[in-house]
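Take a look at the structure set out below.
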Amino acid sequence: GALLNRWLACHLSGLGGMFVAVVASFTLAGVSVSAEPIQRVTFEADIQPLLTRFGCNAGACHGKSRGQNGFALSLLGFDSDFDHAALVREGRGRRIQAESPANSLLLRKATAQMPHGGGKKLDPNGPYYKLIAEWIAAGAPRTPPDAPRIVKVEAEPAAHTLKPGESLKLKVVAIYSNGFRRDVTEGSAFQSNDTTVAAVAPEGLVKAGPLPGEAAVMARYMNHIAVTAISIPLAGTPAPDAYAVLDSGHPVDGHVRDKLRVLGFTPSAMAPETTWLRRAHLRIIGRLPTSAEVTAFLADKSPDKREKVIDKLLERPEYADFWANKWADLLRPNPYRAGIKATRSIDSWLREAFRANIPYDRFATELVTAQGTSWNNGAVVIFRDRPEPVEIASMVSQIFLGVRLDCAKCHNHPFENWTQEDYYRIAAVFARVKHAPKGALVSLATTGETAHPSTGKVLAPYGDAVADPRTDRRVGFAKWLTKPGNPYFARVEVNRIWYWLFGRGIVHPVDDFRSSNPPAVPELLDALALEFERSGYDRKHVVRLICSSRTYQRATATNKFNEGDEALFSRYPIRRLSAE
344 GALLNRWLAC HLSGLGGMFV AVVASFTLAG VSVSAEPIQR VTFEADIQPL LTRFGCNAGA
404 CHGKSRGQNG FALSLLGFDS DFDHAALVRE GRGRRIQAES PANSLLLRKA TAQMPHGGGK
464 KLDPNGPYYK LIAEWIAAGA PRTPPDAPRI VKVEAEPAAH TLKPGESLKL KVVAIYSNGF
524 RRDVTEGSAF QSNDTTVAAV APEGLVKAGP LPGEAAVMAR YMNHIAVTAI SIPLAGTPAP
584 DAYAVLDSGH PVDGHVRDKL RVLGFTPSAM APETTWLRRA HLRIIGRLPT SAEVTAFLAD
644 KSPDKREKVI DKLLERPEYA DFWANKWADL LRPNPYRAGI KATRSIDSWL REAFRANIPY
704 DRFATELVTA QGTSWNNGAV VIFRDRPEPV EIASMVSQIF LGVRLDCAKC HNHPFENWTQ
764 EDYYRIAAVF ARVKHAPKGA LVSLATTGET AHPSTGKVLA PYGDAVADPR TDRRVGFAKW
824 LTKPGNPYFA RVEVNRIWYW LFGRGIVHPV DDFRSSNPPA VPELLDALAL EFERSGYDRK
884 HVVRLICSSR TYQRATATNK FNEGDEALFS RYPIRRLSAE
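With the numbering used here as the guide, the letters of the sequence shown map in order to residues 344 to 923.
Written as structure tokens, this is what we have:
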């Protein structure tokens, strides 16, 4: 009866790795028989996540490009076919032995019964050892291709406040395409982006440190990522009027004030007028005010004198030169590849774009879709400088999407839900860009595709589809990129402007947007992005808005309730002058 029940459960479930609520009941020889739900162990659903959980497929171990000691796995398990073949078929089949699982190299090395550079990973008497042994004994089955697939994972709770020294056990739930929810905490890998604020143990136990602040704890399961936001407020009670200085009605100040209250940090006092004037000149036009400008500013008693200074600075010729130079650093034209004349050409194009204050969506579109010669269109130089589609894809994704996709050239992004296929789909956007023999002319071909390096599948270009296949694919990409509501475009640029004004981004580093690196003040970033869109992508409008806030006018000096704040802008960050 027990064997029959198990046989029935195995054949009626067929969902590979999930506990399936199947109960078959009938009468056999006068005896009532029911099939209780059991778990069928399969590779993708149960074994491959453990390889990530214990670091076997990490970059420092078997996940490196050439593997370790002849045994290679895909980084963080992004290629299931490769990993299954490496375990089952490579190494002359010695890595697993179905007839004697305990003698499998996989288990003997992981339990340190044989020399293993990675040390002991499994307890021979623990549940993970038994799970892997059961999978080996069953013939190392794959998860059926028609089984429900994972749509996403969720970390529970999504946000939590802890006191110093407190702990929290996280739970990770995988959600499948058929709506099934499965607790996958035991097979998940965890990582904190700030271990001084909150560290996390391999089993998902978060431990708050002694310092106030915020940390994002990432849970990874089968190339899906979820994040729990951990907050540790500062001990003590600020004075009731401690936040009054930010009660200005300004949209920037309100969001910063609300976030500071959550963590118990209080804002610093206002900076002296001469400090603000110096700061505004250095950050908007890149030079100090003259003594005459200082005297005139101090003599002006009008309530809007700071706004008038900002408006004048934005119309100064130095503004265009200073901010164009920042973008030259982003685009990085290399005179050794593109030539000196081409480098001067893109420099002139950038300066003219800032003098005319062309809207940012048009600015980005002209860069991404540029063609012609670098003699009459400086924007073309980015294609001369990066002639390969994968090169321009890396640059465009980092500058306009705020995502460092270079790593996805070889494998899925290790800290975000960007895949290798996404990377090559962006490269496909630029697959038909054609360079003349001398490199000065950039035009479009009518053919040219990009294939996935592992599967050989020809990939559709990223972005909006174009009606005519002969139309420039870059146009469809630019439309998708600059469309209001794009989750990256406006947010990345206002964050960059904030960084140039403060020395630290709301998302920091500025070109590393991912769920495991969340904004310090998410509501502020969203509000600035929406205002940017409403203004018609006017960058001067964003500079004016930020510099007129009291947040920008804070002193650099700390108080006893913000000494530990490095990211929430309770004070103006001290920063070095740039070389320029």
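Where a beta carbon is used, it is the ideal one built from N, C-alpha and C, also for glycine.
Residue nearest to residue i in terms of C-alpha spacing, selected from the options
i      : options                           : result
GLU387 : SER443, VAL527, LYS669 and LEU554 : VAL527
ASN536 : MET613, ALA502, ASP647 and MET561 : MET561
ALA520 : VAL540, ASP489, GLU509 and GLU529 : In the sequence under discussion, the amino acid at residue 520 is Ser, which differs from the Ala named in the question. Ranking VAL540, ASP489, GLU509 and GLU529 by Cα distance to SER520 puts ASP489 first.
ARG839 : VAL885, ARG675, PHE425 and VAL724 : VAL885
ASN700 : VAL711, PRO660 and TRP718         : PRO660
GLY398 : ARG409, ASP389 and LEU418         : LEU418
GLY462 : ARG451, ALA558 and ASN468         : ARG451
THR571 : GLU557, GLY420, TYR895 and MET565 : GLU557
ASN719 : ARG694, ARG919 and LEU784         : LEU784
ALA612 : ASP601, ASP584 and ILE735         : ASP584
PHE820 : ARG621, SER510, ILE390 and ALA736 : ALA736
ILE568 : GLY460, LYS669 and SER859         : SER859
GLY879 : ASP728, PRO702 and GLY745         : PRO702
ARG630 : ALA642, ASP389, TRP666 and ALA480 : TRP666
MET565 : GLN391, GLU836 and HIS405         : GLN391
ALA833 : ALA803, LEU868 and VAL864         : LEU868
TYR662 : GLN411, LYS648, PRO610 and ALA623 : ALA623
ASN668 : GLY402, ASP466, GLN411 and ALA922 : ALA922
THR762 : LEU748, ARG705, LEU844 and SER531 : LEU748
Cβ separation of residue i and residue j, assumed to be a contact under 8 Å, to the nearest whole Å
i      : j      : result
ARG914 : ARG897 : 5 Å
ALA685 : VAL724 : 5 Å
TYR586 : LEU606 : Actually they are not in contact, since the Cβ atoms of TYR586 and LEU606 sit about 12 Å apart, beyond 8 Å.
ARG817 : THR712 : 5 Å
ARG887 : LEU657 : 7 Å
VAL549 : SER510 : 6 Å
Straight-line Cα distance separating residue j from residue i
i      : j      : result
ALA378 : GLY552 : With a pLDDT of only 37 at ALA378, under 50, the local geometry of the prediction cannot be trusted, and no value is derived from it.
LEU513 : LYS495 : 16 Å
LEU393 : GLY848 : 36 Å
LEU416 : THR454 : 19 Å
LEU925 : PRO862 : Lying before the first or after the last residue shown, residue 925 is absent from the chain, which here runs from 344 to 923.
LEU673 : ASP690 : 12 Å
GLU499 : PRO576 : 20 Å
ALA771 : PRO732 : 7 Å
PRO916 : GLU906 : 12 Å
PRO830 : GLY715 : 31 Å
VAL853 : ALA910 : 13 Å
PHE608 : GLY592 : 20 Å
ILE439 : GLU546 : 26 Å
GLY503 : PHE856 : Contrary to the premise, residue 503 reads as His rather than Gly in this sequence. Their Cα atoms are separated by approximately 22 Å.
ALA779 : ARG675 : 21 Å
VAL515 : GLY420 : 18 Å
PHE446 : ALA870 : The sequence shown places Asn at residue 446, not Phe. Spanning the two alpha carbons is a distance of roughly 60 Å.
SER688 : LYS826 : 28 Å
LYS473 : ARG396 : 16 Å
LYS822 : GLY806 : 7 Å
LEU448 : SER797 : 28 Å
HIS459 : THR538 : 28 Å
THR899 : ILE475 : 56 Å
ALA794 : ARG485 : 26 Å
ASP908 : GLN534 : 22 Å
GLY436 : SER443 : 13 Å
GLY682 : LEU710 : 18 Å
Secondary structure of residue i, DSSP reduced to three states
i      : result
TYR703 : helix
HIS851 : coil
ASP489 : coil
VAL527 : coil
PHE904 : coil
PHE414 : strand
GLN440 : coil
TYR679 : helix
PHE608 : coil
GLY556 : strand
SER859 : coil
ALA453 : helix
SER423 : helix
PHE726 : helix
MET738 : helix
TYR519 : strand
Chain D within 9 Å of residue i, Cβ atoms only
i      : result
VAL886 : Looking for chain D here will not work: only one protein chain is present.
Length at least 3, wholly inside the region 773 to 799: the beta strand (DSSP E) runs in chain order:
776 to 778 and 784 to 787
Just to confirm the assignment: which complete alpha helix (DSSP H) runs, minimum length 4, are found wholly within the region 865 to 900?
865 to 877 and 882 to 890
Inside the region 640 to 671 only - alpha helix (DSSP H) runs reaching at least 4 residues
648 to 658
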